[in-house]
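**Student:** There's a structure below that I have some questions on.
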Amino acid sequence: MVNDIKKKNTPNNDRSRLLSGYTKDHNWVSKDNDDKYDFDYEDEGVKLQWNKTVVGKAAIMEESQRDRVFYVNMAQGVDLDYAGVILCKDIRYENGKVVFHPEEDADTDEFSGIKRIPKEKGDELIRNTYRVLLTRGIKGTYIYCEDKALREYIRNLSRN
6 MVNDIKKKNT PNNDRSRLLS GYTKDHNWVS KDNDDKYDFD YEDEGVKLQW
56 NKTVVGKAAI MEESQRDRVF YVNMAQGVDL DYAGVILCKD IRYENGKVVF
106 HPEEDADTDE FSGIKRIPKE KGDELIRNTY RVLLTRGIKG TYIYCEDKAL
156 REYIRNLSRN
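So the sequence shown is numbered by my numbering: it starts at 6 and just counts up by one.
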């Protein structure tokens, strides 16, 4: 998915980005250190970083940010050509159903505070987050699921 999104960006068309939910540490370990990674998918050999703050510009469309991952607040209202969406550990496939896990979201008041609200409301926020992220790609959307069971479930849906 990461390589496919990178290939979609050209000097004349730089409108494809990686997006993710809130389950990753929002301390942005890569913010002040380009040698650190917020996303580390060892099995796939992929390491990614959250976006950095860009003053006075729409950071999601800033060329220097094209290889970084954006969260829902940065992607909301932005139409991309292609979106690569990471479905994090807050959405899983268990016992034949898609299940939400608000307890997996980042523990932060600044962004979601999702752990401190009733589970039903947390489920709704997760569903809405991914609805926004999954609808940013106008020409197409790539999906990576951290949960292997969800990955297989979605793969099987696309075969039907």
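Beta carbons are placed, not taken as given, at the ideal position from N, Cα and C, and that holds for glycine.
1. Residue 86 and residue 20: beta carbons closer than 9 angstroms?
2. Assign residue 65 to buried or exposed, taking buried as 16 or more other Cβ atoms, counted over all protein chains shown, within 10 Å of its Cβ.
3. From residue 134 to residue 67, what distance separates their C-alpha atoms?
4. Leaving out five residues on either side along the sequence, give the residues of the same chain with a beta carbon under 7 angstroms from the beta carbon of residue 114.
5. Take every Cβ of the region 44 to 63, pair it with every Cβ of the region 138 to 146, and state whether three or more of those distances are shorter than 8 angstroms.
6. Please list, in chain order, all residues of the same chain as residue 156 whose beta carbon is under 7 angstroms from its beta carbon, the five residues on each side excluded.
7. What's the gap between the Cα of residue 16 and the Cα of residue 69?
8. Using DSSP's beta-bridge definition, name the partner residues of residue 95.
9. Which first and last residues belong to the beta strand (DSSP E) in which residue 104 is found?
10. Buried or exposed: residue 97, going by 16 or more other Cβ atoms within 10 Å of its Cβ?
11. For a test of the three-state rule: what should DSSP assign to residue 142, helix, strand or coil?
**Tutor:** So, from the listed chains and residues:
1. yes
2. buried
3. 22 angstroms
4. Confidence is the limiting factor: at residue 114 the pLDDT is only 49, short of 50, which leaves the residue's position unreliable, though a coordinate-based value still follows. Taken in chain order, the list of residues that qualify is empty.
5. no
6. 150
7. 12 angstroms
8. Bridge partners of residue 95: none, in fact.
9. 102 to 105
10. buried
11. strand
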